[in-house]
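Trainee: Submitted below is the structure of interest, expressed as structure tokens.
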């Protein structure tokens, strides 16, 4: 391990990155979202692969649970947004097809 990061600190960092993801999504900032997602994925990888000391296991559990819950809410919202976009795209395509059919039958 390159530095003396504890599991407690890593959990806090993951929670902060998850909050930043939610903020980027709320602001429709795709580039920021991707950047924060990569950084958070790196932290999660460290969590899964490094042997880290822990100072307060209960706090770590609470922080990671809170981050997971926020992430789940974010996924739900993004799935709703995706469905809405697909519905809008479908309506636009139908409208274009109707316009094209109308102009061909004039």
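Numbering (the working numbering), first residue to last: 1346 to 1451. Glycine included, C-beta positions come from ideal geometry on N, C-alpha and C.
Contact check, residue 1355 vs residue 1388 under 8 Å by CB: the rounded distance?
Mentor: About 6 Å; that satisfies the 8 Å criterion.
Trainee: Would you identify the three-state DSSP class for residue 1389, choosing helix, strand or coil?
Mentor: Note: residue 1389 maps to helix in three-state DSSP.
Trainee: For my contact list, residue 1400 and residue 1351 are in at a C-beta cut-off of 8 Å; report their separation, rounded to the angstrom.
Mentor: Indeed, because the Cβ distance is near 6 Å, the residues count as touching under 8 Å.
Trainee: Is the distance from the Cβ of residue 1381 to the Cβ of residue 1411 below 7 Å?
Mentor: No.
Trainee: Within 10 angstroms of its Cβ, does residue 1420 collect 16 or more other Cβ (buried), or is it exposed?
Mentor: It is exposed - the Cβ of residue 1420 has fewer than 16 other Cβ atoms within 10 Å.
Trainee: For the segment 1351 to 1407, which segments carrying the alpha helix (DSSP H) assignment without a break, of at least 4 residues, lie completely within its bounds, in sequence order?
Mentor: As far as the segment 1351 to 1407 is concerned, its whole alpha helix (DSSP H) runs of at least 4 residues are 1352 to 1371 and 1375 to 1394.
Trainee: Using the C-alpha atoms, what's the distance from residue 1393 back to residue 1367?
Mentor: So the two alpha carbons sit approximately 23 Å from each other.
Trainee: Could you give the DSSP three-state label for residue 1347: helix, strand or coil?
Mentor: With a pLDDT of only 48 at residue 1347, under the threshold of 50, the placement of this residue in the model should not be trusted, and no figure is reported.
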